[in-house]
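Protein chains in written order, with the numbering used here: chain Z, 91 to 430; chain C, 91 to 430.
1. For residue 118 of chain Z, which beta-bridge partners are listed by DSSP?
2. Residues of chain C with CB under 8 Å from residue 368 of chain Z, in chain order?
3. Cβ closer than 7 Å: which chain Z residues qualify as neighbours of residue 375 of chain C?
4. Can you check whether the C-beta of residue 156 of chain C is within less than 8 Å of a C-beta belonging to chain B?
5. Where residue 101 of chain C and residue 126 of chain C are concerned, what is the direct C-alpha to C-alpha distance, given to the nearest angstrom?
6. Taking 8 Å as the CB-CB limit, is residue 284 of chain Z close to chain C?
7. Does DSSP put residue 377 of chain Z in a helix, a strand or coil?
8. Would a check of beta-carbon distances place residue 412 of chain Z closer than 8 Å to chain C?
9. Between residue 300 of chain C and residue 325 of chain C, how many whole angstroms is the CB-CB distance? I'm expecting something under 8 Å.
10. Decide if residue 209 of chain C is buried, meaning its Cβ has at least 16 other Cβ atoms within 10 Å, or exposed.
11. Leaving out the 5 sequence neighbours to the left and right, which residues in its chain are closer than 7 Å to residue 281 of chain C when beta-carbon positions are compared?
12. Between residue 134 of chain Z and chain C, is the shortest Cβ-Cβ distance under 8 Å, so that the two count as touching?
13. Pick from Z:320, Z:321, Z:312 and Z:342: whose alpha carbon is nearest that of residue 331 of chain Z?
14. Find the nearest neighbour of residue 158 of chain Z within the set Z:374, Z:384 and Z:359, judged by alpha-carbon distance.
15. So, are the CB atoms of residue 257 of chain Z and residue 229 of chain Z less than 8 Å apart?
16. Determine whether the beta carbon atoms of residue 295 of chain Z and residue 274 of chain Z lie at a separation below 8 Å.
17. At a CB-CB cut-off below 9 Å, which residues of chain C make contact with residue 341 of chain Z?
18. Can you give me the C-alpha to C-alpha distance between residue 415 of chain Z and residue 183 of chain Z, rounded to a whole angstrom?
19. For residue 224 of chain Z, go through chain C and note every residue whose CB falls closer than 9 Å to its CB, in chain order.
20. I'd like to know whether the C-beta of residue 316 of chain Z is nearer than 8 Å to at least one C-beta of chain C.
21. As an exercise, report each continuous beta strand (DSSP E) stretch of at least 3 residues that is fully enclosed by the stretch 159 to 189 of chain Z, in chain order.
22. Quick one, are the C-beta atoms of residue 144 of chain Z and residue 249 of chain Z less than 8 Å apart?
23. Give the secondary structure of residue 406 of chain C by DSSP, where H, G and I count as helix, E and B as strand, and everything else as coil.
24. My output table needs one value for residue 86 of chain Z: the three-state DSSP class, helix, strand or coil.
25. Residue 406 of chain Z and residue 192 of chain Z look like a contact to me (Cβ under 8 Å); what is the Cβ gap, rounded to whole Å?
26. What residues from chain Z crowd round residue 319 of chain C, counting only those whose CB sits closer than 8 Å?
27. Quick check: what's the CA-CA separation for residue 372 of chain Z versus residue 104 of chain C?
28. Sorted by chain position, which residues of the same chain lie with C-beta nearer than 8 Å to residue 234 of chain C's C-beta, five sequence neighbours on each side aside?
29. What would DSSP say about residue 151 of chain C, mapped onto helix, strand or coil?
30. Along the chain, where does the beta strand (DSSP E) containing residue 197 of chain Z start, and where does it finish?
31. Is the shortest distance between the beta-carbon of residue 372 of chain C and the beta-carbons of chain Z less than 8 Å?
32. Let me check one thing: in DSSP terms, what residues is residue 432 of chain Z bridge-paired to?
33. Any beta carbon from chain C within less than 8 Å of residue 323 of chain Z's own beta carbon?
34. Based on DSSP bridge pairs, tell me the residues matched to residue 338 of chain C.
35. Going along the chain, which residues of its own chain have a beta-carbon closer than 7 Å to the beta-carbon of residue 133 of chain C, five neighbours each way excluded?
36. Taking buried to mean at least 16 other C-beta atoms within 10 Å of its own C-beta, is residue 186 of chain Z buried or exposed?
Structure representation (structure tokens):
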């Protein structure tokens, strides 16, 4: 066995979260290195990471505690992903099984059965990491459980070219709503219109966001699915109909900046005048119905009614750049890193 | 008949809304005068106004359209109230009936049966204008329908010495919750504690609101009943528990000022992290269940479990000062003007 091969089989490439960002995320906040190959103890399995989910929430994890403790420098960078069971010391997992979990930015991990969820190998890795995972389920539960759209209502989705947005927008269309997407730049807007089937699209990078959104929503806004916060949220709030619902899903406009910004204007007056419900949620709270939601999503996918656009970045070394690109909105649909 | 008596019976004292306030409300925004005695047409009744409700919402009506069109200078100042039927040209109303409606700041009005609601003369005018009217029903529906408190939860009420707040606070106590009132000044705080039975009270005019509220809520906040907006809302939001509910009832801190202020910080991030529901409401949307709510309120009142504190201002001429005092928080409980 050559020294090179020896190294390949005993080393685990990984990215360490090295330094907490004060403002925009940069390469300096991560350190690439190799750790020892993890060893499965009795009751554990050795996993080879096959797909790493790239999520705006990762930036939020660096910033503050949330539904999970804050990430601390020195830890392997956290990330959801899919892995293949390579060796197993538990009867609950078999070599060749595909499992999901928080395996981080690395080639290998060990986990006990309680730390992973076995997935259906009949679906592709892309589907399993995207539309049938946090991304698609966030769109599903956020739209249906929090937004509760009714046929004929107007649903506005921000970051409509993004991973969650592009699913939420299509689901609202399938629910019989008039759907308006907000995205950045003419090219993305065209894609949201032509590829995803939005009834109207607004480019938030062009001048006159408020006026453009008003023109795109001649009957006002019944459900606003907010992935951005900030100015876009303010513009949408001003157009809400009576008893409108604001789905607080994400605030990507605010993750990658230093301070909390100016504050949301018009609050809480606009909620009172229009009897608006504004509600935050975390997808995991709804996981008791995960399998029902996945079944619905699979049926739409298999019938050709729901597209699950993917952007695949090859190579673990490109993970930090992928996350930086995601935060800058340089993608369409769900982004994943294929480690090797 | 003397000229004086003649004048008394043919003239209708009234306050005209004279000028839109740019900032704080002052006497210069109203003009006192006398109009002709209104005459009931067929299908109408002549009413003598007996009790005028003083509400923070009146300041909001001057500012912008809401659930009612914006008040325009030149109109009789709008106000809910109770009146006695003096003469009737409709079989649906009898002299001596007590009715409620928007009769404005004046001694007499005419109305058709559709414009008024007949009330139970067995209850006092004070109860009928306060706890059994918009004030008490706003507390009732806001707390139970929007806040949905559960026994043992912590409920925080701002403007707890105010008309809606003092009912909401007592209802939360009756619902088995730990109740924390926020009020301005040591004397009001003592009253909220001793007279209304709050478990803890926070003086928002003292230094360290955030710390004091945190100390008063050792198990966090499950329901925040917001009558104020502004800094108090921000402080409460930061202490919300997972799946907390913010009842957006009023924004009295913001009615009587020129601009919309700084904006609410931390939005929408705090809603997402804590899965908070923040919801505005208007009491009238819930009036289908008004009689059930009134029956519940009457039962608590008659059992001595619910106090309905009143502040009665005598004389129609004092109406503008009463509203100004209300906006400055110089009152406890429900304020009404007794015209003569």
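In this text, a Cβ means the ideal position worked out from N, Cα and C, and glycines have one as well.
Quick caveat: nothing in here was measured; it's all calculated off a predicted structure.
According to the data block:
1. According to DSSP, residue 118 of chain Z bridges with nothing at all.
2. 358, 361, 367, 368 and 369
3. 365
4. Although the question refers to chain B, the structure presented lacks it and instead comprises the protein chains Z and C.
5. 5 Å
6. no
7. helix
8. no
9. 5 Å
10. buried
11. 251 and 422
12. no
13. Z:312
14. Z:374
15. yes
16. yes
17. 357, 358, 359 and 362
18. 35 Å
19. Result: empty, since nearest Cβ-Cβ is about 14 Å, beyond 9 Å.
20. yes
21. 170 to 178
22. no
23. helix
24. Absent from the model: residue 86 of chain Z. The displayed extent of chain Z is 91 to 430, so no value can be given.
25. Contact doesn't hold; Cβ gap of about 16 Å is too wide.
26. 357, 358 and 359
27. 55 Å
28. 261 and 265
29. helix
30. Careful: residue 197 of chain Z lies outside any beta strand (DSSP E) and carries neither H nor E.
31. yes
32. An answer regarding residue 432 of chain Z cannot be provided, because it is not within the stretch 91 to 430 covered by chain Z.
33. yes
34. C:316 and C:370
35. 179, 180 and 202
36. exposed
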